[in-house]
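Right, one structure below, let's go through it.
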Amino acid sequence: MTSWAKRCWAVLREMSGDDAYERYVAHWRASHAESGGVLLDRAAFFKEEQRRKWEGVKRCC
Amino acid sequence: MPSKETNQMPRPIAIAIWIGVAIVGAAALGGIALNRGEPVNGMWFILAAVCVYALGYRFYSAFLAAKVLALDPTRATPAERFSDGRDFVPTNRWVVFGHHFAAIAGPGPLIGPTLAAQFGYLPGTLWIIVGATLGGCVQDFVALFCSIRRDGRSLGQMARDELGLVGGAAALVGVLAIMIILIAVLGLVVVNAMRHSPWATSTVAATIPIAIMIGLFMRHLRPGRVLEGTAIGVVLLLLAVFGGSWIDASPTLRSWFDYDGPALALMVILYGFAAAVLPVWLLLAPRDYLSTFMKIGTIVALAIAIVILNPEVKMPALTQFTDGTGPIFGGKVFPFVFITIACGAISGFHALIASGTTPKLLANERDARFIGYGAMAVESFVAIMAMIAACVLDPGVYFAINSPAGLVGAQAADAVAVISSWGFPVTVEQMQGLAREMGEATLFARTGGAPSLAVGMASIFSSAFGDSLLAVWYHFAIMFEALFILTTVDAGTRVARFMLQDLIGNVFPSMARTSWYPSVLACSGLVVAGWGYFLYFGTIDPLGGINSLWPLFGIANQMLAAIALCVATTILVKSGKARFAWVTALPLAWLVVVTSSAAWEKLFSADLRVGFLSHANDLAEQLATGKLAGAAAEQAPRLIFNDRLDAALTLFFLITVWVLVVETARVCRAALAGKSCPPSTETAHVPSRLVEDWVRD
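Heads up: the sequence lines are chains G and U, in that order. Sequential numbering from 1 applies to the first sequence in the working numbering. Sequential numbering from 62 applies to the second sequence in the working numbering.
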């Protein structure tokens, strides 16, 4: 039961973008850490993410 | 390809279950279709819809996936090939489903069915169910598939690649035009819901500072904590709904929020401009989080309430207004029911979403069926619930709320006399009692669909979850509708601004810089002026504006769907699937018939409430012969101009559709004959590395 609740919570977080930063850090460590890029902090990442998200058709009638 | 479900279940049991679903669905559909004169339970609508969607999903979409599109789970999706952790991210199918559904479900499927209920419940319900299963779901699915096979390209790009320059340009201009009309008509819906209603106006106004507070919270206090911010925002929104009743009770406070239509229209216009030029994090993004949560929460609550309550549908299956004399909008059931209900049955706008963010998230091509076909089936189900909510009202009450004063009379006694004479009895006392219960001054002539939907939802919610709070439920429903209508206004204005900047940028390159403030201000101003014009004059139109704007929006939206289906049909033909091209060509043909005949009637019908031109000529004649006096004479030249403008837009939509259809036919013929045509731009097969249990070639 608790594992099921945890799973739901994880899906809710992923769906709402609440865990976007954690996912970004994981992706960065996996793919970009060696190439020596800069890891954005939480505030900077969120800023960049919102700017990017709202370019284009995102909502319908 | 055998599906997962049948693999898990013994075959005879699966067959028996699906035969059962088919029988229940057919019985429910037959019950609501053949019933005359007796009230029908809302449950039959739900059953009919759910069974048809289930059958459509299980069998038709499986056929599309296996035979027509030949989905290939071993093929790497754009999300896998370009995985960058930002735009292209392989994502859990349920999460993509949630994103996609939140993006496609807007106010359209709630408002369209409410307006179309004037024909009775049957035409709208059948069109929603059949249109979605064979048209809308297919369009979304195929558009998503085409985009996945083309690196996640947009509908506009695909139109240019597959159909050539003419097709691409038509798609681009079409999208821009539909945005303008869409925002105007949605703005008008909100304005009509807030007109002389301090409670509604104050609650809707409160959503702006609440969104800004949440924006600041998520930006500075707790960066990126979306769920925390949204939870606080939802609590504040609910407080705003309750607070509205307190404002409504105080004579001084109430006068601060009591405005007529034109004044509210100017405020919405000002708001739209501000929202388009302010940074997204301040207003647009937090408002979107709130509206998405509210939208999904309320839709789920409405579904639960309808199932608990089994409300009785009081609207007849068909009304006399199928002959074209309906008070809410003029025009016969064919073609106008198919124009009025766009979202919910088939919506061209979805093709933009299905070729936007969603294709960049799919981890596996196989998921396109679940997300493309499935999400649209759910959206269509929302439209069915809106239809039920409209039809549980007494028909007399429904018509009293939705008929414009210009048609039934501005005085309550006149309006009830006219509406009762149609055979839908209603009394002044009944309407006053209802208005009092809902905490409103009056519910007469509240056109646009939002107030009547809110009354329907409030009566369903209060019966299911507690009777005492009718007025609160009503204003909650208004707030919920206004919240995501305003999100569409914001987001739409922004998108239209980007497109305009892009378009003008072809001539003046500096205008294309999206962060250059003079360009931002100028292009936002142009876009807002475009929809603001239609919105403002919609509020002073004696027939209520919705009457002329909603059909225009419907035609534009169906035109966009026709563009998407043209592109899809071309792609099917080019990829050697010509024998299956009917899956998109038939819905396309139907849409072309519907949009063309609707556009033709809007242009040339002699009926003054249908034909833009005959209405303009009639007004011009009245003006010339001095039959109009006072304010009517002053307004007349403007109304005449607007009619002609609407006619020009309709003509433009009509021509666009036919240019596209001719181009599609030309390219398809060339492809079939092996002559030269733009080649299919499908990207080459790259094996997926995400499917571990698959034997790769």
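We treat Cβ as the ideally placed atom computed from N, Cα and C, and that holds for glycine.
Test item: CB-CB of residue i and residue j under 8 Å
i       : j       : result
G276(U) : A346(U) : yes
S658(U) : S666(U) : no
L130(U) : N425(U) : no
V156(U) : E14(G)  : yes
A177(U) : G185(U) : yes
C198(U) : A438(U) : yes
V236(U) : M572(U) : no
L249(U) : G509(U) : yes
R51(G)  : V287(U) : no
M518(U) : A450(U) : yes
G500(U) : S306(U) : yes
I407(U) : A163(U) : no
S441(U) : A123(U) : no
T711(U) : L680(U) : no
L626(U) : Q200(U) : yes
L224(U) : T554(U) : no
Residue i versus residue j: straight-line alpha-carbon distance, rounded
i       : j       : result
R214(U) : Y320(U) : 45 Å
W105(U) : G81(U)  : 15 Å
T549(U) : I445(U) : 21 Å
A734(U) : L187(U) : 39 Å
A693(U) : M355(U) : 42 Å
T138(U) : L621(U) : 26 Å
E99(U)  : L547(U) : 39 Å
I464(U) : R670(U) : This sequence places Ser at residue 464(U); Ile is not what is there. The straight-line gap from Cα to Cα measures roughly 13 Å.
L90(U)  : L183(U) : 10 Å
V469(U) : F522(U) : 30 Å
A324(U) : A245(U) : 15 Å
V628(U) : V644(U) : 13 Å
V589(U) : A677(U) : 26 Å
L601(U) : V634(U) : According to the sequence provided, residue 601(U) is Ile. The question's Leu does not apply to it. Those two C-alpha atoms are separated by around 49 Å.
G92(U)  : C452(U) : 16 Å
S668(U) : C584(U) : According to the sequence provided, residue 668(U) is Asp. The question's Ser does not apply to it. When rounded, the distance between both Cα atoms is 38 Å.
V718(U) : L243(U) : 18 Å
Short CB-CB distance (under 8 Å) between residue i and chain G
i       : result
N96(U)  : no
P748(U) : no
R555(U) : yes
W592(U) : no
S64(U)  : Low confidence applies to S64(U): its pLDDT is 46, below 50, so where it sits in the model is not reliable, and the reading given next is rough at best. No - not a single Cβ of chain G is within 8 Å of the one on S64(U).
H676(U) : no
I607(U) : no
N102(U) : no
G358(U) : no
P174(U) : no
L587(U) : no
Residue i - partner residues in DSSP beta bridges
i       : result
E48(G)  : According to DSSP, which records beta bridges pairwise, E48(G) is partnered with nothing at all.
L748(U) : For clarity, residue 748(U) is Pro in the given sequence; the question names Leu instead. According to DSSP, P748(U) bridges with R136(U).
L712(U) : According to DSSP, L712(U) bridges with nothing at all.
N102(U) : E373(U)
L423(U) : T152(U)
Contacts around residue i, its chain only, beta-carbon distance under 6 Å, and the 5 residues preceding and following it disregarded
i       : result
M540(U) : T264, V302
G387(U) : Q179
G599(U) : L249, G606, L610
L532(U) : A small fix is needed here, since residue 532(U) is Ala in this sequence, not Leu. Excluding residues within five positions, the ones whose Cβ falls inside 6 Å are M499, G500.
L596(U) : A245, G248, L249, A326
P603(U) : G467
Same chain only: Cβ atoms within 8 Å of residue i, ignoring 5 sequence neighbours per side
i       : result
W755(U) : A caution first: W755(U) carries a pLDDT of 45, below 50, which makes its placement in the model too unreliable to give a value.
L495(U) : V458, L504, V516
G217(U) : G229, A232, L233, V236
W54(G)  : none
S144(U) : V150, P151
Same chain, Cβ closer than 7 Å to residue i, neighbours up to 5 away in sequence not counted
i       : result
R757(U) : Caution is warranted here: a pLDDT of 41 is assigned to R757(U), below 50, making its placement in the model unreliable, and the coordinate value is therefore given only provisionally. Hits under 7 Å: T135, P748.
E743(U) : R210, R211, S636
P63(U)  : Low per-residue confidence applies at P63(U): pLDDT is 44, beneath 50, and the placement is therefore not dependable enough to give any value.
L649(U) : A623, L626, C627, T630
Neighbour flag for residue i against chain U, beta carbons, 8 Å
i      : result
A20(G) : yes
E14(G) : yes
V57(G) : yes
A74(G) : In the structure displayed, chain G extends from 1 to 61; residue 74(G) sits before or after that span and is not available.
R29(G) : no
A43(G) : yes
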